[in-house]
Structure formats: C-alpha cells, structure tokens
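Sequential numbering from 1 applies to the sequence shown in the UniProt record's numbering. All residues carry an ideal CB built from backbone N, CA and C; glycine is no exception. Reading through the structure tokens given below for one structure.
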Amino acid sequence: MLELFVKGGPLMWPLLACSVLALAIFIVKLLWFARQRREGRELFKEVVTLAQEERFDEAIIVCRQSSSPLAQVLLAALRQAGRPREHVKTVAGEVAGQQSVAFERYLGLLSTIGTISPLLGLLGTVVGMIEAFNVIATVGVGTPQTLGGGISQALITTATGMAVAIPVILAHRFLLGQMKSLVVAMEEYILRIVDLVGD
Numbered sequence: 001m002l003e004l005f006v007k008g009g010p011l012m013w014p015l016l017a018c019s020v021l022a023l024a025i026f027i028v029k030l031l032w033f034a035r036q037r038r039e040g041r042e043l044f045k046e047v048v049t050l051a052q053e054e055r056f057d058e059a060i061i062v063c064r065q066s067s068s069p070l071a072q073v074l075l076a077a078l079r080q081a082g083r084p085r086e087h088v089k090t091v092a093g094e095v096a097g098q099q100s101v102a103f104e105r106y107l108g109l110l111s112t113i114g115t116i117s118p119l120l121g122l123l124g125t126v127v128g129m130i131e132a133f134n135v136i137a138t139v140g141v142g143t144p145q146t147l148g149g150g151i152s153q154a155l156i157t158t159a160t161g162m163a164v165a166i167p168v169i170l171a172h173r174f175l176l177g178q179m180k181s182l183v184v185a186m187e188e189y190i191l192r193i194v195d196l197v198g199d
C-alpha cells in the first residue's frame with residue numbers, strides 16, 4: 001500500500017486528507033445524531049409529563065438545562081403556553097428552523113469531499129499522462145519501463161479518487177437519512193407539545 005501511495009504522486013496526499021476528514025465527519029455526526037435521538041426522546045417524555053400537569057415553569061427549567069436543539073424548540077412553545085394553538089405552532093416552527101442548522105453542520109463539507117475526490121484523481125491522471133508524454137518527447141517512445149511511471153501514477157490516482165468518493169457519497173446519503181428522521185421526529189414533538197400548551 002505504501003509503495004502504491006508513493007507511486008501515485010503528490011496528489012495522493014490531498015486524497016488521503018480528504019479520506020481522513022470524511023471519516024472523522026462521519027463518526028462525529030453519527031454519534032451526534034444517536035445522542036440527539038436518545039436525549040430528545042428522554043427530554044420530550046419529561047417535558048410532556050410536566051406539561052400535562054400544567055407545571056410549565058418546571059418544564060421550562062428542564063429545557064434550559066438541556067443543550068439539545070429540541071430543548072430550544074420546546075422552550076419556545078412552553079413560553080407561549082395559553083396562547084392560540086396556531087401562534088404557538090408558528091413560534092415553535094420558527095425556532096425549529098433556526099435549530100435545524102445544527103443538524104446540517106458538516107454535511108455540506110462531506111458532500112464537497114465526495115465531489116472533489118474524483119476530480120483530484122482525474123487531475124492526477126492528467127499529471128501522470130503529461131509526465132508520460134514528456135518522456136516520449138525527450139527520449140522517444142522508448143520502452144514500457146520509461147513510460148510506466150507516468151501511466152502508473154495516472155491509474156493509481158484515478159482509482160484512489162474513486163475509492164475515496166464512493167464511500168463518502170454513501171456516508172453522506174446515510175447521514176442525510178438520519179437527519180431527515182430526526183427532523184420528522186422533531187416535527188411530531190412540536191405538534192404534540194402545541195396540542196398540550198396551545199389554547
């Protein structure tokens with residue numbers, strides 16, 4: 001593997017950086033989504049129990065103690081307790097839109113990595129072919145050994161670019177699915193809390 005990496009030329013380094021960064025983003029977001037799902041479920045259960053007993057002040061305190069994006073949405077709804085249902089729903093929806101930024105964080109970067117990795121591989125292909133043609137221009141057609149370095153570099157970087165891009169794109173799609181399921185859950189939580197606190 002190390003020998004192939006060296007033969008791939010200088011563009012193997014940015015490809016390696018892209019793969020490491022993509023893996024880090026995937027792990028961080030996967031753990032973050034799992035934590036938000038677990039904490040959101042527990043938080044909502046506690047807040048609903050308090051709201052059903054009209055202990056809104058205690059429910060607000062619980063929300064303030066949580067760092068979950070859902071807590072900010074529930075807090076906004078609880079502060080509008082007793083007002084018309086549509087008003088509460090509108091306020092909670094606006095806050096949910098603001099909090100959705102946290103769900104999307106780093107996903108754009110992951111998508112960018114999936115897009116540029118094949119392009120880096122293609123650039124490596126071009127560089128390798130230029131090197132091969134330079135050899136032809138300098139020493140003529142020569143032997144396969146004289147051309148092998150440039151062609152080898154071209155093929156290795158192309159393959160590496162695709163090898164990085166394919167799992168990154170799949171990881172991005174998977175995380176988008178996780179995000180959408182959390183957004184749907186948040187929307188359900190909003191509707192239920194609105195029914196409890198709205199007039």
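Rounded distance between the beta-carbons of residue j and residue i, thought under 8 Å
| i | j | result |
| --- | --- | --- |
| residue 120 | residue 15 | 6 Å |
| residue 93 | residue 190 | 7 Å |
| residue 198 | residue 88 | 4 Å |
| residue 50 | residue 157 | With a Cβ gap of about 59 Å, residue 50 and residue 157 do not count as contacting. |
| residue 70 | residue 43 | 6 Å |
| residue 59 | residue 78 | 5 Å |
| residue 9 | residue 127 | 6 Å |
Classification of residue i by the beta-carbon crowding that lies within 10 angstroms, buried from 16 upward
| i | result |
| --- | --- |
| residue 117 | buried |
| residue 98 | exposed |
| residue 6 | exposed |
| residue 110 | buried |
| residue 4 | exposed |
| residue 2 | exposed |
| residue 45 | exposed |
| residue 26 | buried |
| residue 22 | buried |
| residue 47 | buried |
| residue 102 | exposed |
| residue 28 | exposed |
| residue 95 | buried |
Option nearest residue i by Cα separation, candidates the options
| i | options | result |
| --- | --- | --- |
| residue 171 | 70, 59, 24 and 8 | 24 |
| residue 104 | 131, 11 and 176 | 176 |
| residue 107 | 34, 185, 196 and 179 | 179 |
| residue 113 | 42, 56 and 162 | 162 |
| residue 81 | 96, 101, 100 and 53 | 53 |
| residue 134 | 123, 151 and 122 | 151 |
| residue 183 | 31, 37 and 57 | 37 |
| residue 153 | 122, 181, 78 and 138 | 122 |
| residue 159 | 102, 124, 47 and 115 | 124 |
| residue 100 | 132, 33 and 61 | 33 |
| residue 41 | 185, 196 and 195 | 185 |
| residue 196 | 115, 83, 13 and 35 | 83 |
| residue 187 | 138, 173, 174 and 91 | 91 |
Beta carbon proximity, residue i to chain D, threshold 8 Å
| i | result |
| --- | --- |
| residue 22 | Absent from the structure: chain D. Only one protein chain is present. |
Subject >> Residue ranges of each alpha helix (DSSP H) within the UniProt domain "MotA/TolQ/ExbB proton channel" (67-187), 4 or longer >> reply: 69-79, 85-104 and 107-139
Subject >> Three or more C-beta pairs below 8 Å linking the stretch 61-75 and the stretch 164-171 >> reply: no
**OP:** Return the chain-ordered ranges of every alpha helix (DSSP H) run that is complete within the stretch 12-67 and spans a minimum of 4 residues.
**Re:** 12-52 and 56-64
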